[in-house]
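Data block below; observations after.
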Amino acid sequence: MKIKFKKQPYQTDAVMSIVDCFKGQMKSGRVQYRVDPGKRESKKGQRTYEDYDESAGFKNSDLSITHAQLLENIQEVQRNQNLPISEQLVTTSVCPINLDVEMETGTGKTYVYVKTMLELNERYGWSKFIIVVPSIAIREGVYSSIELTKEHFLEQYGKQVRSFIYSSKALHELESFSTDAGINVMIINVQAFNARGKDARRIYEELDSFQSRRPIDVIKSNRPILIIDEPQKITGDTKKESKSFKSLEEFNPLMILNYSATHKRVHNKVHRLDALDAYNQKLVKKISVRGISVKGLSGTNAYLYLQSIEVSATKPPVARLEIEIKQKSGIKRIIRKVGAGDNLYTLSGELEQYKEGFVVSDIDARTDTISFVNGHELNAGEATGDVNDETLRRIQIREAIKAHLEKEQVLFYQGIKVLSLFFIDEVAKYRMYSDDGEKLLGEYAQYFEEEYKEAIKDIDSVFLPEYAKYLQGIAVAKTHNGYFSIDKKGRLSNPKAKARGEGAGLSDDADAYDLILKDKKRLLSFEEPTRFIFSHSALREGWDNPNIFVICTLKHSDNTISRRQEVGRGMRISVNKHGDRMDDPATVHDINVLTVVANESYKDFVSGLQKDISESLSERPRVADVKYFTGKILQTETATIKVTEEMAEGIEFYLIQNGYVDRKK
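First residue of the sequence shown? That's -6 in the working numbering, and the numbers climb one at a time after it.
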């Protein structure tokens, strides 16, 4: 299967917001320089420059426009997008030119900055770029994305980007980076140059394997343009630049372009596509939340879990309620449909815990609640009674399977493969091994197989024939799979995660990310039986598969992952079996809905997510007043008008007089 790319106006706007900042810049030819050949040992053991070819290098030309002209260009770009106007170039210790592009997760940030490189080369001749990333997961994803889009961009520009991942063990790539006249892109993760660890220091050392040259000296000779992906994880907080960021001064950058959904340090922002823009323009999935929480009902230990309320046009609402039922083999928890007047004591086989007043008095579909004559009440997603961690995880898995099947039976007929992603914190909960190496199911895998079998036991009567046939053709053991680190014995293992800093809780296991990326397209195929994926939460940054429709986190909340980060893995618009994006404006939000099965109540998760998003929208104006309107650019049929303070006062007065805004500010 081949994922198809197409020109998207919103992505082109983001590209041009950078390109237009340099209007007036002369297009340079190939700016040559002599590449330092280094030294090598002669036959007598002496170091010499002899017998070396003087290779020609090609570097980026310097800026030909003045900083004043650059600032004027930036301000014009900002006015056209109604962004705050920069009064000056915001400099850093690394570089005087720092431009920010804000793009919501899932809208194609990598695609945009790759296209920006090609456009900058086309317009101005710049050809040497370095993409700086905060983690190995992002590094591997960026490299994969560049490779995937090569053919697409070749059709547009008639040229390809040559990309490589920096490694101190493959320094010959730096030679090609310097001497090749085409567009060259080096991808480097911050760990490779932040001076921590033996390997990281090699970039600053004279190496015998590199003809006694320092890799950093070869890099800086190219005057590269730095593109920082997720700068908030690299540059430091609002008060102080990080050491890692300061070390980028050694790269001698021509400029720095910052791309993120959540900038911490704001420089000259030239483009904004935030969470609100992305949703309103239908560029990302909608979000649906299924929350689960434990409710203490005083005076009882009766186990209850209200899954949902079902409504009908002809019948009263019924509740899908899980209760304990006495059977010949023992007591088992089973979901039953109950209506007003049903007695749980009778339904349970006369279990004593349901004897005191557990008769359904009311089922309210408006509030998603069920009430009993004893006064107890439950909301959908709430459990009570003997509820331990095992119970909650089983409920989460059941809800994820239910959400998956509900989505899949619709999208199957549109040729869209549905994937569900479970994040866990320990491999043993999914996969165990006997002493002789035999694979065994961990507790979560056992729960999954039991709940999945229960969910599809009535295939023929519940599902349409073609979809039922598809389900019957997939063995339960084949429909789920685990993606973790692999140890020396070939067994799944827990990835090593960082304990501190921006990368806390994330892994640097390149092999694990490589496996995830290699299987990305395969997982989109209906021929591949895997539909339910279990992965370690430390590998979460590696997952950006567009067809993830359900995310379920089977771990205790440790506050290291925001709600926004949690849903971010599934926000991309899905593709069908032909590789076409399902982004038709008329149906995009009917098809593209991400269900999050939260390990907390619906209310808590939603309020937390809204808080995360609200904080990210802090730069958006909240008051329509004189200050807001002054300086805005209005385009009429005959002219472009800049709003003066007097005009702004008139606009504000009109809005107040006609009741569009409050007098209070």
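All C-beta atoms, glycine included, are put in the ideal place defined by N, C-alpha and C.
Worksheet item: Can you find at least 3 beta carbon pairs, one from the region 559 to 571 and one from the region 430 to 445, that sit closer than 8 Å?
Response: no
Fill in: 6 Å Cβ shell around ILE662 - same chain, five flanking residues per side excluded
What is shown of the chain runs -6 to 658, which leaves residue 662 out entirely.
Discussion item. I want to know whether the region 355 to 364 touches the region 302 to 311 - three or more CB-CB distances under 8 Å.
Written reply: yes
Worksheet entry | Reduced DSSP secondary structure (H/G/I, E/B, other) of ASP44 | Bear in mind that the predicted position of ASP44 carries a pLDDT of just 43, short of 50, making it unreliable; the figure below should be weighed with that in mind. Three-state result, ASP44: coil.
Worksheet item: For the region 70 to 79 against the region 258 to 271, are there 3 or more C-beta pairs whose distance is under 8 Å?
Response: yes
Discussion item. Three or more C-beta pairs under 8 Å: does that hold for the region 102 to 114 against the region 138 to 157?
Written reply: yes
Fill in: Distance between LEU269 and LEU499 (C-alpha atoms, nearest Å)
Note that LEU499 scores a pLDDT of 46, beneath 50, so its modelled location is shaky; the value from the coordinates is reported in the next line. Rounded to whole angstroms, LEU499 to LEU269 spans 28 Å at the Cα level.
Discussion item. For the beta strand (DSSP E) containing THR631, name the first residue and the last one.
Written reply: Neither: THR631 is in no beta strand (DSSP E) and is coded neither H nor E.
Worksheet entry | Cβ shell of LYS213 (< 7 Å), same chain only, five flanking positions each side left out | GLU243, PHE244, ASN245
Discussion item. So, under 8 Å CB-CB, SER253 and GLN225 are touching, yes? Tell me the CB distance rounded to an integer number of Å.
Written reply: 6 Å
Worksheet item: Nearest to ALA591 by alpha carbon, out of SER600, PRO614, ASN585?
Response: SER600
Worksheet item: So, is LEU610 buried or exposed, given that buried needs 16 or more other C-beta atoms within 10 angstroms?
Response: exposed
Worksheet item: Pairing CB atoms from the region 7 to 26 with CB atoms from the region 87 to 106, are three or more of them under 8 Å?
Response: yes
Worksheet item: Where does LYS450 land, buried or exposed, given buried means 16+ other C-beta within 10 angstroms?
Response: exposed
Worksheet item: Whose C-beta lies closer than 8 Å to the C-beta of LYS400 among residues of the same chain, with five residues either side of it excluded?
Response: VAL411, PHE542, VAL543, VAL586, THR588
Worksheet item: Under a Cβ-count criterion, where at least 16 other Cβ atoms within 10 Å of its own Cβ denotes burial, should PHE646 be classed as buried or exposed?
Response: exposed
Worksheet entry | Status (buried if at least 16 other CB within 10 Å, exposed otherwise) for GLN465 | exposed
Worksheet item: Under three-state DSSP, which class holds ASP13?
Response: helix
Practice prompt. Just the C-alpha distance for ALA295 and GLU521, rounded to the nearest angstrom, thanks.
Written response: 43 Å
Discussion item. Please give me, in chain order, every unbroken run of the alpha helix (DSSP H) with length at least 4 that falls completely inside the region 205 to 258.
Written reply: 208 to 213, 236 to 239
Worksheet item: With LYS239 and SER128 assumed to form a contact (beta carbons below 8 Å), what rounded beta-carbon distance in angstroms separates them?
Response: No, LYS239 and SER128 are not in contact; Cβ-Cβ is about 19 Å, not under 8 Å.
Fill in: Reference TYR347, options GLY332, GLY378, ILE328, closest by Cα
GLY378
Worksheet item: Which partner residues does ILE302 have in the DSSP bridge list?
Response: ALA312
Practice prompt. Would you kindly check if the distance between the Cβ of VAL125 and the Cβ of ILE209 is under 8 Å?
Written response: no
Fill in: Endpoints, beta strand (DSSP E) assigned at GLY50
49 to 52
Worksheet item: Could you give the uninterrupted runs of the beta strand (DSSP E) lying entirely in the region 108 to 174, keeping only those of 3 residues or more?
Response: 121 to 126, 154 to 158
Item to complete: For my contact list, VAL178 and SER205 are in at a C-beta cut-off of 8 Å; report their separation, rounded to the angstrom.
Response: So it is not a contact: roughly 27 Å between Cβ atoms.
Item to complete: Starting from the C-beta of PRO539, find all residues in its chain whose C-beta is less than 7 Å away, skip the five residues before and the five after it, and write them out in chain order.
Response: ARG565, ILE566, SER567, VAL568
Worksheet item: Under the rule that 16 or more other beta-carbon atoms within 10 Å means buried, what is GLY659, buried or exposed?
Response: A query on residue 659 cannot be resolved here, the shown segment of the chain reaching from -6 to 658 and no further.
Fill in: Cα-Cα separation between THR100 and TYR106, rounded to whole angstroms
12 Å
Discussion item. According to DSSP, is ALA333 part of a helix, a strand, or is it coil?
Written reply: coil
Worksheet item: Using the rule of at least 16 other Cβ atoms within 10 Å of the residue's Cβ for burial, across every protein chain shown, is LYS278 buried or exposed?
Response: buried
Practice prompt. Give, in chain order, every unbroken run of the alpha helix (DSSP H) that is at least 4 residues long and sits entirely within the region 397 to 475.
Written response: 436 to 448, 452 to 455, 458 to 465
Worksheet item: For LEU344 versus LYS288, is the C-beta distance shorter than 8 Å?
Response: no
Discussion item. Applying the 10 Å Cβ sphere with the 16-neighbour rule, what's the burial state of MET19?
Written reply: exposed
Discussion item. Going by beta-carbon coordinates alone, are SER364 and MET(-6) separated by less than 8 Å?
Written reply: no
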